[in-house]
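Peer 1: Below is the structure I would like to discuss, written out as structure tokens.
2 protein chains.
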Amino acid sequence: MTGVRALFNPASIAMVGATDKSGWSVSTYVNLRRHGFTGPVHLINPRTGIVHGARAYRSLSDLPEPVDLVYVMVPTSVVLDVLREGARLGIRDYVVLTAGFGETGPEGRAREEELAAFCRANGLTVLGPNGNGYVNVARSVTPYGLLIPPPLPRGSVGIVLQSGALANSVLAFSQVRGIGLSLLTSMGNEAVVSVTDVIDYLVDDPATSVIALFLESVRRPAEFARVARRALAAGKPIVALKIGRSGLASRTARAHTGALVGDDAVIDAAFRQLGVIRVRSLEDLMITAGLLASSGPLPGSRLGVVTPSGGASEIIADRAEDEGLELPPFADETVARLKEIMPEFGSPANPLDVTGYVVVDRTLLSRALRIVAEDPGIDVVMLLSDLPRTEPADPEPVYRLYEDSTRVIAESPRPVVVVGNVLTDLGPFAQAIQERTGYPHVVGGIEHGIPAIGAAVRWSRARDRAPRPRAVPPAPVVRGPATGVWAEHRASALLADNGIPVVPSELATDEETAVAAAERFTYPVVLKAAAEGLGHKSDMGGVRLGLTSAEDVRRAHREIVTAMGDGLGTLVQPQREGGVELLAGVVRDPAWGLVLTVALGGVWVEVLRDTSSRLLPVDATDIRTALLELRGTKLLKGARGSEPADLNALTGVIAQVCDLAEGLGDTLESLEINPLLVRGAQIEALDALITWT
Amino acid sequence: MTGVRALFNPASIAMVGATDKSGWSVSTYVNLRRHGFTGPVHLINPRTGIVHGARAYRSLSDLPEPVDLVYVMVPTSVVLDVLREGARLGIRDYVVLTAGFGETGPEGRAREEELAAFCRANGLTVLGPNGNGYVNVARSVTPYGLLIPPPLPRGSVGIVLQSGALANSVLAFSQVRGIGLSLLTSMGNEAVVSVTDVIDYLVDDPATSVIALFLESVRRPAEFARVARRALAAGKPIVALKIGRSGLASRTARAHTGALVGDDAVIDAAFRQLGVIRVRSLEDLMITAGLLASSGPLPGSRLGVVTPSGGASEIIADRAEDEGLELPPFADETVARLKEIMPEFGSPANPLDVTGYVVVDRTLLSRALRIVAEDPGIDVVMLLSDLPRTEPADPEPVYRLYEDSTRVIAESPRPVVVVGNVLTDLGPFAQAIQERTGYPHVVGGIEHGIPAIGAAVRWSRARDRAPRPRAVPPAPVVRGPATGVWAEHRASALLADNGIPVVPSELATDEETAVAAAERFTYPVVLKAAAEGLGHKSDMGGVRLGLTSAEDVRRAHREIVTAMGDGLGTLVQPQREGGVELLAGVVRDPAWGLVLTVALGGVWVEVLRDTSSRLLPVDATDIRTALLELRGTKLLKGARGSEPADLNALTGVIAQVCDLAEGLGDTLESLEINPLLVRGAQIEALDALITWT
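Protein chains in written order, with our numbering: chain A, 117 to 809; chain B, 117 to 809.
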């Protein structure tokens, strides 16, 4: 972990490689000068004495005073020389714009490793290489290589980007939507300072209340999980646009950054568990962050909606349903009070359309808002209202109207989220109204606003969840060396040894012991090949079902032993009927560690790929929500005539499986129960497979 | 059908009920005066001689000259009087802003019916009541009750809105995104002029090339289907935001408009077949319409993408996959040519990131575009590029840059779609660049732009589909009066009589005939209760499977007859094994007429509600795409060990079912085959049910 407080808060800056010939150099200098950086900015150029109209020095060593931060724009081959010189002078913090490192291939990677090693050895902090720098909006420090048009939108959203080229879009969008930023960082290759270092800083940064990420890859998952948990505990939401959902994007991301893109489903699971809000677009990234920065946590999913338009309220109803938000009917008293103020032809329902009569009486919306905000059955009020686009000849009545609305919103006993109709810029008059009256942030349009509200509600719930009381799982009983593949007879024994319910099973080495076992179980029974390292016995004729007599058992044993060759014999088990078959597996992801996956058998997993995953460790709530998230979850509730599953019992068994997997230590590669049979409260592993690294 | 050409193209207008006290009156007058309407606008007010600073007349009869259009803002009770007076004077066309009609309840509905009847009897054309009017942008005729800030965005998108309050959002969005309009209509209650009347007009209107709809309900489905087909044939895409997807929205829509909201799945099916593009948001509505107005049809789904950003190209890859767009690898020659112009560290793949080097060489993007546009493996070029937000001190180099880009785009052998990064307004400088250089329309952001491209590609495909060669289905053979419910034995006989393959079946009235039938089929057989009007025989103990002996058959017959009471006996059928079970049903929708629904049996339909629907008439392509659209369609291709279905044979049988349903005439309520067993090319109805009205 690299501390970055000093990196982002220098009092003086040197630009090494400054030249009038480079657009980056011009932009960086203009940015620093016009966005309020008050400290000295020294220019270094070995060949000329004047750059950007100011005096230039030949090298860092020639500077009349020490500097806090060096912005490096020299050719690739001399970057390390600059760092060496800086290190000698005691300068700790650098931004390296120069490209030609890890992103270019093996040679570049070697160069980057050399640079990183030098920084580690000498305690240097470097942002980049191959990154544009950062914009510390809160402190007006803007060493950033692409021109930033004024004004800087000041606020509490901290942004970390793994793609520098998007920064301008993000800045422009923030400006026109009134989304204020604390810090924007363009990461570059993360040779020294990583995304997680910056998140760590933002969690502690008092100027930041929400963290927005654009991620091509999560390079250090364990570290990411740690900082995400810190952010959640600190009450600072993380909103992330993580690309590489499609196979193609994975390829593109590799080409672009040289980073390995993890499996997207695992990312989804990890983000969900860590309370990281995943979004699909830059618009959603910024709008969701902007909403959370203004609203803070939202107490629940029941919206009371106030609009001046029937059409819009119907769009809202559709989108709210998509996002799992409820629009409960208003309480009788609310309806009665609304009737008093609304025109006769209106109907006081949720979502509320106060009707076009607002054209006649402009206070109608605020008065309706006041009533809806007091409804006991809602958690959050959504007010659909656009700020005006054009300034009238006499703006004073407009200001007064918004002063009044601002007061009503401030007095609301419940959070009020103001959302505009469609996503357009807030014009200068709109921003002037907000500045003068204190009118709240306006979320950009229904289409992006409703998902943002949904995300904020889910994040608030994730935050409210108590920290998990985790008993350390007992050390598991393991018989024999943990290597290779453990097929059913050893895997099931391991499960049984560790308290996981397993179908009774006896190993039979000849026909007579098979029959004796079958008769102890009562017919029908099942015979399966017992062998080491056998993954797919049913494909190889190694399973016989529905054996109802001693003769059946003898023949089955004979056939299986013949088919399998050098097996250990057969496993004899009572045949189970009915119930629902699940798959429950724990697999080690190379990046994220142990991951639990649950699925229903049959078409659900084979055709629909209907699975749900969670990173370990999990608690009962995680497991239960994973099961409920399956598209086929209705089967567990008793659809198609099956007995409803006892979800507590099922969750308990899966938790035992997870405990076992964690207890088995680093050599466990995967532990899979398939099928796990569920009949009401009776849960039983019918087959299992373990692989060790 | 009401012709509306004169309504939208008046040379003179009277405003009846004009008054300084009404915001609507002020707005309408200002709109007419400042948006370029050059004809006379007469004001009518019975109580004062001066309104809006101009001379007012006491009544229509007092006017010095006849007018073409009357804009009515009088109280509800006197609206009809105004129409009567106008009719006497020979005035044909009206906009009625006044509310208090069908939207308010039974009394209002009666008033509206009276109004409509009067108009029909006297040949009057009325837009509304309870609507704000229209904005004919192409002709500068703007009788519209809410203030429209200038400038009017002129272009070829015609907009029809069933909610007036959204018009301002739509207009504002069009202005700031440079989406030009021909006509915007706010429909109101559609007492006389309907949405379909306006669409009909727009299909013929030379100023309109794309039609955008906001629909709360499709009030006249057959009429809608007719105009939608006309639009498709004319090459004018219809883009529609149809709300009421959620149950709640249905309720809201009813409260708001008094119209019945149809079943959403049927709407989806209808739109898909009619080539109507359905979108989810106002942003998508306008952006998709704006794209189509500028690009016209797009020849295919293979995109060549040129961007200045790795991050953005990865977002594009993710979103393209969501939308079924392909990003094929570039041809070798393209790669070779790109390598010549790109910096060494770039990689010439699709989507192409030309790298941040564009900052140094601003022509890089255009040069790359020229090369990609010549790649033989792509259909459409997507150029990611934002127009500048701020005007530099010397704008001339910028203008020259865009003149150059405009030339490259114009010379491209393939359509070029320009898309910006995020959805923000096009500022005045951006619009000035477009005006001066002819630079094309810029689609608003990746998030909405990629779905718009996807929709345009699908629409182009729908348009290219040949008109269906429809043989008139032969008149079906029907034995017995078509009333009530026809259970299996009659329904199956009807299918068989009309050439649809049905499992062999014999009616047995006693045990011995049942056994004789079974022995003709060979065991195992199935026995089912044969009765009139029986919907769910398996629920009532009326089905016995897997009967393997005469004794089994006798017992089954006895038990069924006892259980069912007064049935006709049993049906004996050979038992079929294996295969995939489908459901194929044709049901009469009260709004849209006969609708085909296909589904797979088991969990697919029971738990997943995995169905696919099409309006009749259908052709083989419709049926095939319906089957391929099912989530479980893999089963038809042979997943889970089943034999792949012969899709041609299956499509043929379903087409026969559709022909039969159409041939059965208006008394058919539903015809359902469940299951329809598919084993390779062998298709057989195992059970059927018909209901008559």
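Every residue, glycine too, gets a C-beta built ideally from N, C-alpha and C.
Any beta carbon of chain A sitting closer than 7 angstroms to that of B/ALA871?
Peer 2: Only positions 117 to 809 of chain B appear in this structure, which leaves residue 871 of chain B out of reach.
Peer 1: Does the CB of B/ASN147 have a neighbour CB from chain A at under 7 angstroms?
Peer 2: With 7 angstroms as the cut-off, B/ASN147 does not count as an interface residue toward chain A.
Peer 1: Buried or exposed, going by whether 16 or more other CB atoms sit within 10 Å of the CB of B/ASN238?
Peer 2: Its Cβ having fewer than 16 others within 10 Å, B/ASN238 is exposed.
Peer 1: If we define contact as Cβ-Cβ less than 7 angstroms, is A/ASP541 a contact residue for chain B?
Peer 2: Yes, A/ASP541 counts as interfacial toward chain B.
Peer 1: Can you find a CB in chain A that lies within less than 7 angstroms of the CB of B/GLY814?
Peer 2: This structure cannot speak to residue 814 of chain B, because chain B is shown only from 117 to 809.
Peer 1: Give a yes or no on contact between the stretch 585-601 of chain B and the stretch 426-438 of chain B, applying the rule of three or more CB pairs nearer than 8 angstroms.
Peer 2: Contact fails: fewer than three Cβ-Cβ distances are below 8 angstroms.
Peer 1: Give me the Cα-Cα distance between A/VAL190 and B/PRO467, rounded to the nearest whole angstrom.
Peer 2: Distance between the alpha carbons of A/VAL190 and B/PRO467: 30 angstroms.
Peer 1: B/PHE446 by DSSP, collapsed to three states: which one?
Peer 2: It is coil, neither helix nor strand.
Peer 1: In the DSSP assignment, the alpha helix (DSSP H) including B/ALA237 goes from what residue to what residue?
Peer 2: Residues 222-238.
Peer 1: Could you tell me which chain A residues have their CB closer than 7 angstroms to the CB of B/ASN790, listed as they occur along the chain?
Peer 2: By Cβ distance, chain A contributes nothing, its closest Cβ being about 15 angstroms from B/ASN790, past 7 angstroms.
Peer 1: Count the C-beta pairs between the stretch 693-709 of chain A and the stretch 627-637 of chain A that are closer than 8 angstroms, then say yes if the count reaches three, no if not.
Peer 2: No, the stretch 693-709 of chain A does not touch the stretch 627-637 of chain A.
Peer 1: Which of the three DSSP states, helix, strand or coil, is assigned to A/SER272?
Peer 2: DSSP places A/SER272 in strand when its eight states are reduced to three.
Peer 1: What does A/THR220 touch in chain B if you count any residue whose Cβ is under 9 angstroms from its own?
Peer 2: Per Cβ cutoff of 9 angstroms: GLU460 and PHE461.
Peer 1: Who are the near neighbours of A/ARG370 in its chain, counting only those whose CB is closer than 6 angstroms to its CB and skipping five residues on each side?
Peer 2: Low confidence applies here, because A/ARG370 scores a pLDDT of 35, under 50, leaving its location unreliable and the question unanswered by this model.
Peer 1: Distance cutoff 7 angstroms, beta carbons only. Does B/LYS750 sit that close to anything in chain A?
Peer 2: It does; some Cβ of chain A falls within 7 angstroms.
Peer 1: Closest by CA to A/THR258, which one among A/CYS774, A/VAL186 and A/VAL334?
Peer 2: Comparing Cα-Cα distances from A/THR258 to each of A/CYS774, A/VAL186 and A/VAL334, the minimum goes to A/VAL186.
Peer 1: Based on the DSSP output, what are the partners of A/SER728 in its beta bridges?
Peer 2: A/VAL714.
Peer 1: Rounding to the nearest angstrom, what Cα-Cα distance links A/GLY685 and A/LEU743 in this structure?
Peer 2: Spanning the two alpha carbons is a distance of roughly 36 angstroms.
Peer 1: For the beta strand (DSSP E) holding A/GLU785, just list the boundary residues, first then last.
Peer 2: That run of the beta strand (DSSP E) goes 784-795.
Peer 1: Within 7 angstroms (strictly less), CB to CB, does A/ASP434 reach chain B?
Peer 2: Chain B, which has a Cβ nearer than 7 angstroms to the Cβ of A/ASP434, makes this yes.
Peer 1: Can you have a look at B/THR368 and say buried or exposed, based on whether 16 or more other CB atoms are within 10 angstroms of its CB?
Peer 2: The predicted position of B/THR368 is uncertain, since its pLDDT is 41 and thus under 50; a value taken from the coordinates is nonetheless stated next. Counting Cβ neighbours within 10 Å, B/THR368 comes out buried, since at least 16 surround it.
Peer 1: Can you give me the C-alpha to C-alpha distance between B/PRO531 and B/ASP495, rounded to a whole angstrom?
Peer 2: Between B/PRO531 and B/ASP495, the C-alpha separation is close to 8 angstroms.
Peer 1: From this set, A/ALA465, A/VAL326 and A/LEU331, which residue's C-alpha is nearest A/SER410's C-alpha?
Peer 2: Among A/ALA465, A/VAL326 and A/LEU331, the Cα nearest to that of A/SER410 belongs to A/VAL326.
Peer 1: Can you find the residues in the same chain that come closer than 7 angstroms, C-beta to C-beta, to A/ARG255, ignoring five residues on each side of it along the sequence?
Peer 2: Taken in chain order, the residues that qualify are ASN125.
Peer 1: For chain A, check one thing: does any of its Cβ atoms lie closer than 7 angstroms to the Cβ of B/THR767?
Peer 2: Not one chain A Cβ lies under 7 angstroms of B/THR767.
Peer 1: Between A/GLY261 and A/LEU213, is the Cβ-Cβ spacing less than 7 angstroms?
Peer 2: Closer than 7 angstroms, so yes.
Peer 1: Taking the beta carbon of A/HIS372 as the centre, do at least 16 other beta carbons fall within 10 Å, making it buried, or is it exposed?
Peer 2: Only weak support exists for where A/HIS372 lies, its pLDDT of 33 falling under 50; the coordinates are left without a value.
Peer 1: At what residue ranges does the stretch 667-696 of chain B contain a whole run of the alpha helix (DSSP H), taking only runs of 4 or more?
Peer 2: The qualifying runs do not exist here; there are none.
Peer 1: Starting from B/ILE129, find everything on chain A with Cβ-Cβ shorter than 8 angstroms and list it in chain order.
Peer 2: The contacting residues do not exist; B/ILE129 stays about 21 angstroms from chain A at best.
Peer 1: With a CB to CB cut of under 6 angstroms and the five nearest residues on each side skipped, what residues in its chain are close to A/ARG345?
Peer 2: For A/ARG345, where only same-chain residues beyond five positions count, there are no Cβ hits under 6 angstroms.
Peer 1: Are any of the Cβ atoms in chain A nearer than 7 angstroms to that of B/GLY565?
Peer 2: Taking Cβ atoms only, chain A never reaches closer than 7 angstroms to B/GLY565, which makes this a no.
Peer 1: Tell me whether A/GLU563 is buried or exposed, calling it buried when 16 or more other Cβ atoms sit within 10 Å of its Cβ.
Peer 2: Looking at its Cβ environment, which holds 16 or more other Cβ atoms inside 10 Å, A/GLU563 is buried.
Peer 1: Roughly how many angstroms lie between the CA atoms of B/ARG606 and B/GLY779, to the nearest whole one?
Peer 2: Taking the straight line from one Cα to the other gives about 17 angstroms.
Peer 1: Compare the C-beta of B/LEU517 with all C-beta atoms of chain A and state if any pair is closer than 7 angstroms.
Peer 2: Answer no: the Cβ-Cβ gap between B/LEU517 and chain A never drops below 7 angstroms.
Peer 1: Look at the alpha carbon of A/LEU500 and the alpha carbon of A/PRO424, and state the distance between them as a whole number of angstroms.
Peer 2: Each residue's Cα considered, the two are about 7 angstroms apart.
Peer 1: Taking Cβ positions, are B/THR809 and B/THR783 nearer each other than 7 angstroms?
Peer 2: Closer than 7 angstroms, so yes.
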